[in-house]
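Student: Residue numbers (this note's numbering): 4 to 520. The structure under discussion is supplied below as structure tokens; questions concerning it will follow.
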């Protein structure tokens with residue numbers, strides 16, 4: 004502590020301000036994010052803040068009060084950039100906001116630093132004020148987190164629930180020497196061929212024809228079982244509907260999606276194939292819900308990529324300006340491209356293996372042009388990507404362009420899988436739900452529901468025996484048929500139902516089967 008520092012003046016505001024951005028973001032996205040995802044950002048923020056504090060301590064001639072204030076100023080400047088960007092971007096869509104904001108905001112920061120370095124004013128009162136402000140804003144965020152946790156309990160023991168733990172059939176195979184590799188590839192929000200034509204005026208028949216030529220069966224009238232990724236995948240990977248059980252355990256007014264992660268990480272498919280000594284392979288998706296490592300033997304991810312929560316923090320700072328200037332690809336782009344590249348490579352590994360790959364595309368945010376070019380995504384990658392009024396007119400074109408490129412890459416990956424597999428595999432390529440260009444979540448029309456529910460659903464079987472498949476098959480029955488046909492289980496098929504719920508009330512279920520079929 005410097006001689007100029009009043010002993011009664013506590014200097015903890017830089018620590019509070021360093022922690023606050025992560026805690027605040029967590030409080031706003033509590034229903035999507037697990038508490039342990041905040042640890043790394045908080046530690047990194049503290050390390051950088053302490054480093055800045057030490058640097059300015061010596062620049063300010065060992066004045067702790069001045070260096071602390073400049074450290075807090077640095078944190079506020081750094082983490083407020085993204086919010087200012089969003090405000091200006093909403094008011095001036097299509098403009099290059101960074102060209103205006105980055106230099107102006109930097110000038111304000113530099114001016115503030117110079118002022119506090121040179122000032123002769125006593126800063127004890129300001130220090131006390133910053134301490135109280137830090138306590139207040141951090142306290143409000145923590146209170147918000149606590150209140151949400153109280154209203155939305157998510158500590159249900161789903162590992163022992165009937166969703167994941169019962170009815171796991173034991174395979175009775177005559178031999179385990181000829182087990183097929185299995186690929187379950189989710190192309191997020193990939194719509195059915197007829198939906199693409201009716202809602203987007205896009206003819207995707209060249210792709211469906213190419214799949215058929217390779218020996219795939221395409222279900223021309225397939226619909227998703229649920230409107231949300233988390234609900235859809237927990238259903239398909241547990242081979243059953245779960246809305247009745249969820250309704251019994253979680254109030255329909257609850258908005259938390261955290262139980263879905265618990266259900267997904269203990270899914271029946273992973274445990275079924277683990278019992279057969281399959282190599283369980285999961286690709287990094289960026290989504291906290293499908294970043295599953297439980298029951299997983301091989302986890303495939305490019306190096307140095309950010310998850311959804313870390314990306315949100317990243318885009319609250321000026322760092323995207325530097326990323327763009329250096330022409331560095333986003334974590335989202337790198338993760339998607341890496342998945343397409345590695346799908347064919349993993350086929351070379353000695354089996355048997357069960358490969359789960361959730362690719363969050365053609366779902367927004369839109370970062371790929373039709374030829375794979377890095378399109379302008381100044382709207383930033385959001386934890387839950389939405390479509391603003393300014394973006395709605397461009398949604399269809401951006402969605403189709405991204406779909407065109409994703410289609411090219413998945414077709415190449417399929418060719419690589421088939422070419423590199425020692426024996427013919429089982430492949431499922433499936434949308435978890437459709438896009439949302441015409442969906443009014445509060446008052447869904449038939450057109451909106453058809454778009455949201457109609458999905459790509461394609462199957463490749465080693466023996467091309469598709470007798471049990473049918474045009475309206477939905478994801479809940481995909482592995483029921485595969486396990487019955489190739490692993491001698493007695494699951495049999497369930498009725499194909501489509502259940503509607505919204506992001507704000509995911510457990511307020513409405514059966515819309517009659518509307519979409």
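Beta carbons are placed, not taken as given, at the ideal position from N, Cα and C, and that holds for glycine. Just so you know, these numbers come straight off a predicted model, no measurement behind them.
1. Under 8 Å, with one C-beta from each stretch per pair, do the stretch 85-105 and the stretch 27-34 reach the 3-pair mark?
2. Quick one: what does DSSP say residue 508 is sitting in, helix, strand or coil?
3. List the whole-angstrom C-beta distance separating residue 130 from residue 14, where the pair is believed to meet the contact cut-off of C-beta under 8 Å.
4. Any idea if residue 117 is buried or exposed, counting beta-carbon neighbours within 10 angstroms, 16 or more meaning buried?
5. Could you pull the start and end residues of the alpha helix (DSSP H) that residue 360 belongs to?
6. So, with DSSP's three-state summary, where would you put residue 124?
7. Let me make sure I understand the geometry here. Which of 80, 135, 310, 408 has the alpha-carbon closest to that of residue 370?
8. Check residue 142 in the structure and name its three-state DSSP category.
9. Roughly how far, in whole angstroms, is the beta-carbon of residue 283 from the beta-carbon of residue 300, given that I think they are within contact range, below 8 Å?
10. Where do the N-terminal and C-terminal ends of the beta strand (DSSP E) with residue 90 fall, by residue?
11. From this set, 449, 104, 412, which residue's C-alpha is nearest residue 85's C-alpha?
12. Go through its chain and collect everything with a Cβ distance to residue 218's Cβ below 7 Å, but skip five positions before and after it.
13. Quick check on the burial criterion: 16 or more other C-beta atoms within 10 angstroms. Buried or exposed for residue 448?
14. Would you say residue 458 and residue 252 are within 8 Å of each other, going by their C-beta atoms?
15. With distances taken from CA atoms, which of 328, 490, 436, 289 is nearest residue 36?
16. Take residue 82 as the anchor and find which of 314, 520, 345, 434 has the nearest alpha-carbon.
17. Looking only at its chain, what residues have a beta carbon closer than 6 Å to the beta carbon of residue 220, apart from the 5 residues adjacent to it on each side?
18. Can you have a look at residue 425 and say buried or exposed, based on whether 16 or more other CB atoms are within 10 angstroms of its CB?
19. Short of 6 Å in beta carbon distance, which residues of its chain neighbour residue 71, apart from the five on each side in sequence? Order them along the chain.
20. Under 6 Å Cβ to Cβ from residue 232, same chain only, skipping five residues before and after it: list those, please.
21. How big is the Cα-Cα spacing for residue 393 and residue 95?
22. Tell me where the alpha helix (DSSP H) around residue 472 begins and ends.
23. For residue 488 and residue 480, I'd like the C-alpha separation in whole angstroms.
24. Could you round the C-beta distance between residue 276 and residue 303 to whole angstroms and report it? I think they count as a contact, below 8 Å.
25. Note the first and the last residue of the continuous beta strand (DSSP E) segment covering residue 301.
26. Would you call the CB atoms of residue 416 and residue 372 closer than 8 Å?
27. Using DSSP's beta-bridge definition, name the partner residues of residue 514.
28. Mind pulling the beta strand (DSSP E) runs of 3 or more residues that sit fully within the stretch 390-457?
29. Apart from the five residues on each side of it in sequence, which residues of its chain come closer than 7 Å, Cβ to Cβ, to residue 294?
30. What beta strand (DSSP E) runs, 3 residues minimum, are completely inside the stretch 309-369?
31. Helix or strand or just coil, what does DSSP make of residue 377?
Tutor: The short version:
1. Segments in contact, no.
2. In the three-state DSSP reduction, residue 508 falls in the coil class, being neither helix nor strand.
3. Contact flag correct, Cβ pair sits at about 7 Å.
4. So residue 117 counts as exposed.
5. DSSP places residue 360 outside any alpha helix (DSSP H); the residue lies instead in the beta strand (DSSP E), whose first and last residues are 356-362.
6. Secondary structure at residue 124: coil, using DSSP grouped into helix, strand and coil.
7. It is 408 whose Cα lies nearest to the Cα of residue 370.
8. Of the three classes helix, strand and coil, the one that applies to residue 142 here is helix, per DSSP.
9. Between residue 283 and residue 300 a beta carbon distance of about 5 Å is seen, short of the 8 Å cut, so the two are scored as contacting.
10. Residue 90 -> not in any beta strand (DSSP E); alpha helix (DSSP H) instead, spanning 67-94.
11. Residue nearest to residue 85 within the set 449, 104, 412 is 104 (criterion: CA-CA distance).
12. Shown here for residue 218: same chain residues with a beta carbon closer than 7 Å to its own, the five before and five after excluded, namely 463, 467 in chain order.
13. Its Cβ having fewer than 16 others within 10 Å, residue 448 is exposed.
14. No, these two residues do not count as a Cβ contact at 8 Å.
15. Scanning 328, 490, 436, 289 for the CA closest to the CA of residue 36 turns up 289.
16. When each option's Cα is compared against that of residue 82, the closest is 314.
17. Within its own chain, the residues whose Cβ lies closer than 6 Å to the Cβ of residue 220, once the five positions on either side in sequence are excluded, are 462, 469, 472, listed in chain order.
18. It is exposed - the Cβ of residue 425 has fewer than 16 other Cβ atoms within 10 Å.
19. Once the five neighbours on either side are set aside, the close Cβ partners of residue 71 are 14, 17.
20. Taken in chain order, the residues that qualify are 435.
21. With a pLDDT of 48 at residue 393, under the threshold of 50, the predicted position of this residue should be treated as unreliable, though the coordinate-derived value follows. If I take the Cα positions, the gap works out to 10 Å.
22. Taken as a continuous stretch (DSSP letters only), residue 472 belongs to no alpha helix (DSSP H), as it is neither H nor E.
23. In this model, residue 488 and residue 480 are separated by some 12 Å (Cα to Cα).
24. That belief does not hold up - the Cβ atoms of residue 276 and residue 303 are roughly 17 Å apart, past 8 Å.
25. That run of the beta strand (DSSP E) goes 301-303.
26. Not a contact, by the Cβ cut-off of 8 Å.
27. Partner(s): 502.
28. Counting whole runs of 3 or more residues, the stretch 390-457 contains the beta strand (DSSP E) stretches 429-433.
29. Only 287, 288, 310 meet the Cβ criterion.
30. Complete beta strand (DSSP E) runs here, min 3: 356-362.
31. In the structure shown, residue 377 sits in a strand (DSSP, three-state: E or B).
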